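Protein chains in written order, with our numbering: chain A, 1 to 127; chain B, 128 to 492.
Every residue, glycine too, gets a C-beta built ideally from N, C-alpha and C.
Everything numeric in this text was worked out from a predicted model, so none of it was measured.
Let me begin by presenting the structure, written as structure tokens, before commenting on it.
As structure tokens, this is what we get:
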């Protein structure tokens, strides 16, 4: 059974979003890391790059498969988690805290309306 | 339609050990028990335990069995000059292409073959068809289970929980040999590149052996670790690295084709002879990726100075080496430098001599 914290929001692509004003911190969920298995590489976007909602902007590779990480909203990448480059296993060990991927400065507020709360995301995972 | 998956006698043991069960060629098998990478490391540094009861065991007896297998198999079982010796070989069709790869043991009353589970039906059908003119009896042994204990400590630990007679066999048996002791058929073989054993035994004794080995500190290891271990060891996986569209010469299995004696007419010989004479045979090679990323099967391999492309047949991240390794079928005469196209971009890679890892250590230059 995977953990789904109630203080976060979620996307259909199994990403979590922590909102702080117009800054979104983004990572992948516990469910997603369990599906991927042991993560061995993470490729991150460039700081200051402009991203549009739905763009593939990062990659997470496990022993089993490569998976795209999508921008959950349009905006600018203001920070990336360099720790994941040397310690990709953090994605398995601590998906919601240490293993955040990047921070986006939001430019289209209404795009966040499609985010799910924990209960809706839970329903998606059990389907 | 939902097809019922087959389960090995160890199914409950896997569930009890938190195995993540998946459909593997119609069998419900553990892919891992938490971390594929940790299981891989356990086998390289200590000992791991695999349930390989889904593999197909076939016993052959009858006055023509030797002649039959010399016709059926590309390697020559005449090499099995003592009881218990094992031989790795391809079983080919008339085009010289690989129907399956298998291990053949010489037994007291005939031979024992261990073939793949995904190819079981076609293998048995082919073997029965080819047996028409021979006095040979082909008996499948689905009631038997098979456990692989692999790693530098595997034999020592297994001997410590075995009967005295079994321990004597375990301590003294030579690599690529098998012997019976108190109802276990114990072979010093494996699919990991480490020392270890494959034990063929009854379902009830398999469950007891599984429990004793876990208690003795052996780590349960799933199919995920089995795949990364065999790939590091440069061992082929049927269906990935070779199948009925390629010959052993294109599959790094040239060493398993016994050309001598020249008058032994095995199935596929004429086709292999013609392929060899024609030259320019594509080859199956090892690849290492210079940078970050993970090579995956079906990605293409490119060389400077030719439009001919190769294809990755198996690729993974190597937990022992901390980099991506792969096997690829490439055109003859190019390399070692090459590029692999991954997710739309080309990345530098290099052909190296297989295996990548043997007995816990990096082997290639």
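Can you check which of these residues, 330(B), 233(B), 212(B), is closest to residue 180(B) by C-alpha distance?
330(B)
Using alpha carbons as the reference points, say which of 489(B), 386(B), 254(B) lies closest to residue 356(B).
489(B)
Spell out the partners DSSP gives residue 311(B) in its beta bridges.
308(B)
With a threshold of 7 angstroms (Cβ to nearest heavy atom), would residue 371(B) be considered close to the ligand FAD?
Of the ligands one can find in the structure shown there are none, so the ligand FAD has no counterpart to examine.
Determine the extent of the alpha helix (DSSP H) in which residue 198(B) is found, giving its start and end residues.
192–199
Inter-residue Cα distance where the pair is residue 22(A) and residue 86(A):
29 angstroms
Residue 24(A) to residue 144(B) span [Cα, whole Å]
39 angstroms
Hey, out of 426(B), 476(B), 465(B), 168(B), whose CA is closest to residue 66(A)'s CA?
426(B)
The segment 394–427 of chain B: positions lying closer than 8 angstroms to chain A by Cβ:
419, 420, 421, 423
Using only the alpha-carbon positions, how far apart do residue 276(B) and residue 285(B) sit?
8 angstroms
Chain B partners of residue 66(A), CB-CB under 9 angstroms?
420, 421, 423, 469, 470
Taking 6 angstroms as the limit between beta carbons, can you name the residues of its chain near residue 462(B), skipping five residues before and five after?
478
What does residue 254(B) pair with, by DSSP beta-bridge criteria?
Its beta-bridge partners do not exist; DSSP assigns none.
For the structure I just gave you, are there three or more beta carbon pairs, one from the segment 35–54 of chain A and one from the segment 408–416 of chain B, closer than 8 angstroms?
no
Using only alpha-carbon positions, find the residue among 175(B), 233(B), 172(B), 435(B) that is nearest to residue 197(B).
233(B)
According to the neighbour-count rule (16 or more other Cβ atoms, all chains shown, within 10 Å of its Cβ), is residue 449(B) buried or exposed?
exposed
Mind listing, in chain order, the continuous alpha helix (DSSP H) runs of no fewer than 4 residues lying wholly within the segment 357–426 of chain B?
396–405
On the CB-based measure, 16 or more other CB atoms within 10 Å of its CB, does residue 311(B) come out buried or exposed?
buried
Residue nearest to residue 260(B) in terms of C-alpha spacing, selected from 140(B), 438(B), 189(B), 156(B)
189(B)
Min CB distance residue 159(B) to chain A below 8 angstroms:
yes
Within the segment 265–350 of chain B, ranges of the beta strand (DSSP E) (whole runs, at least 3 residues):
271–277, 305–308, 311–314, 323–329
Measure from the C-beta of residue 170(B) to each C-beta in chain C and report whether the shortest distance is under 8 angstroms.
Judged by its chain identifiers, the structure shown contains no chain C, and its protein chains are A and B.
In the structure shown, what three-state DSSP assignment does residue 128(B) receive?
Its pLDDT being 49, under 50, residue 128(B) is placed unreliably by the model, and nothing is read from it.
From 407(B), 410(B), 409(B), 386(B), pick the residue whose C-alpha is nearest to that of residue 400(B); which is it?
386(B)
List the endpoints of the continuous alpha helix (DSSP H) containing residue 138(B).
138–143
Using the beta-carbon of each residue, which ones in chain A are nearer than 8 angstroms to residue 209(B)?
Within chain A, no residue comes near residue 209(B); the closest Cβ sits about 40 angstroms away, beyond 8 angstroms.
Residues of chain A with a CB under 7 angstroms from the CB of residue 164(B): which are they?
38, 63
Using 10 angstroms around the beta-carbon of residue 154(B), count the other beta-carbons present and answer buried if the total reaches 16, otherwise exposed.
buried
Cut-off 6 angstroms between Cβ atoms - residues of its own chain near residue 447(B), not counting five sequence neighbours on either side:
171, 359, 484
Where residue 121(A) falls: helix, strand or coil (DSSP):
helix
Residue-chain proximity (residue 102(A), chain B), Cβ-Cβ < 8 angstroms
no
Short CB-CB distance (under 8 angstroms) between residue 41(A) and chain B:
yes
CB-CB length for residue 494(B) against residue 313(B), believed under 8 angstroms:
Residue 494(B) cannot be examined here, being either before or after the span of chain B that is shown, 128 to 492.
Could you tell me whether the Cβ of residue 443(B) comes closer than 8 angstroms to any Cβ of chain A?
yes
To be precise: take each residue of the segment 315–338 of chain B, compare its Cβ to all Cβ atoms of chain A, and keep it if any distance is under 7 angstroms. Which residues remain?
none
Does residue 347(B) pass the burial test, meaning 16 or more other C-beta atoms within 10 Å, or should it be called exposed?
buried
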